[in-house]
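The block underneath contains the structure these notes are about, expressed in structure tokens.
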Amino acid sequence: MWIVIIIGVSFYFNQTTLAALAPSCNYGSRCYKQCPINCKNMRCDANTGQCFGCVAGYQGQFCDQACSLGYYGIGCMYQCSENCNMTRRCNQFTGECDECETGYFGPDCKSKCGHCVNASQCHRSNGTCLRGCSAGFTGSFCREKCPSWSFGLNCVYRCNAFCRGNASCDHVTGKCNEGCIQGWNGPLCEKERQSCNDNSLVICIVVPMIIVLCGSIVNFIFWRRRRNAKDNESQSKEPSAENDKTKTIELSKQYSDLDHEGEDAHPYEYI
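Residue numbers (mature numbering (1 follows the signal peptide of the UniProt record, and there is no 0)): -19 to -1, 1 to 252.
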């Protein structure tokens, strides 16, 4: 029990009352122990010293434990960005990622890189492509398409002049967007169509006609041979039938002659 006398007035305090009146940064029976350094606002329980909340990056009753892997902030309540590297490691105080997954940049790795060449990683902080742009794109961040008249890596190739529609083409492949002008073909309109000119007009007309005529003659000859073969086959079968008929007549005649000879051999049988 403590007695405090101020100008003739006595006050009686016990240990609990003194602890409550002690500065918030101290605790203990005589308030000489300092609250843990990671307590929020340096406030803690006057008896136990347990913190009334922790500063960013720490946790536990006495705020003496760093945030678990993948968490940060006051009381370690926040998760690191899912675009932090594979272990999702980030600064325990600010949440800034140690490294970003490929294709992302920024403090929390939430910004997407542009079309960097071979899908390579862009600058960790500002997002510029370190090795240049993929085919069809340009600019520091490789987000701009090549102009309509160019294509390819670094946009150094020009669309073919034979592309229809102001010679515009695909910014990556160079394929003509609206096809080719008359007389040209191919994906890039790089092939000239084969056509008949004045000097070869006769050849272009006569040669196909000769080919068709020769084919017709060959077909006719083949047809005639088959037709003659069938005629010969039918003629070879007809004589055999005639021969059979002749043989039958001759046999009948022989039998008739025999009958007459028999009658002449016995003339007196009827007398």
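Glycine included, each C-beta is placed from N, C-alpha and C at the ideal position.
- Phe203: buried (16+ other C-beta within 10 angstroms of its C-beta) or exposed? Exposed.
Can you tell me which of the three DSSP states Ile55 falls into? DSSP places Ile55 in strand when its eight states are reduced to three.
| CA-CA distance, Ala1 and Gly56? | Unreliable placement is indicated for Ala1, whose pLDDT of 45 sits below 50; the coordinate value is still reported in the next sentence. Between Ala1 and Gly56, the alpha-carbon positions lie close to 25 angstroms from each other.
**Request:** Throw me the rounded Cβ distance for the Cys114 and Cys140 pair, which I believe falls under 8 angstroms.
**Result:** No, Cys114 and Cys140 are not in contact; Cβ-Cβ is about 18 angstroms, not under 8 angstroms.
* Asked: DSSP three-state call for Arg139: helix, strand or coil?
  -> Arg139: strand per DSSP, three-state reduction.
So the alpha helix (DSSP H) Asn147 belongs to, where does it begin and stop? Where Asn147 is concerned, the enclosing alpha helix (DSSP H) starts and stops at 145 to 148.
Among Cys78, Phe74, Thr119, Cys161, the one whose alpha carbon lies nearest that of Gly95:
Gly95 has its Cα closest to that of Thr119, out of Cys78, Phe74, Thr119, Cys161.
Point to revise | For Ala27, three-class secondary structure by DSSP | key: DSSP, read as helix, strand or coil, puts Ala27 in coil.
What is the DSSP secondary structure of Phe201, counted as helix, strand or coil?
Correct three-state label for Phe201: helix.
Three-way DSSP call (helix, strand, coil) for Lys156 in this model: Residue state, collapsed to three classes: coil.
- Query: Under the three-state reduction of DSSP, which class applies to Cys71: helix, strand or coil?
  - Reply: The answer is strand: DSSP assigns Cys71 an E or B state.
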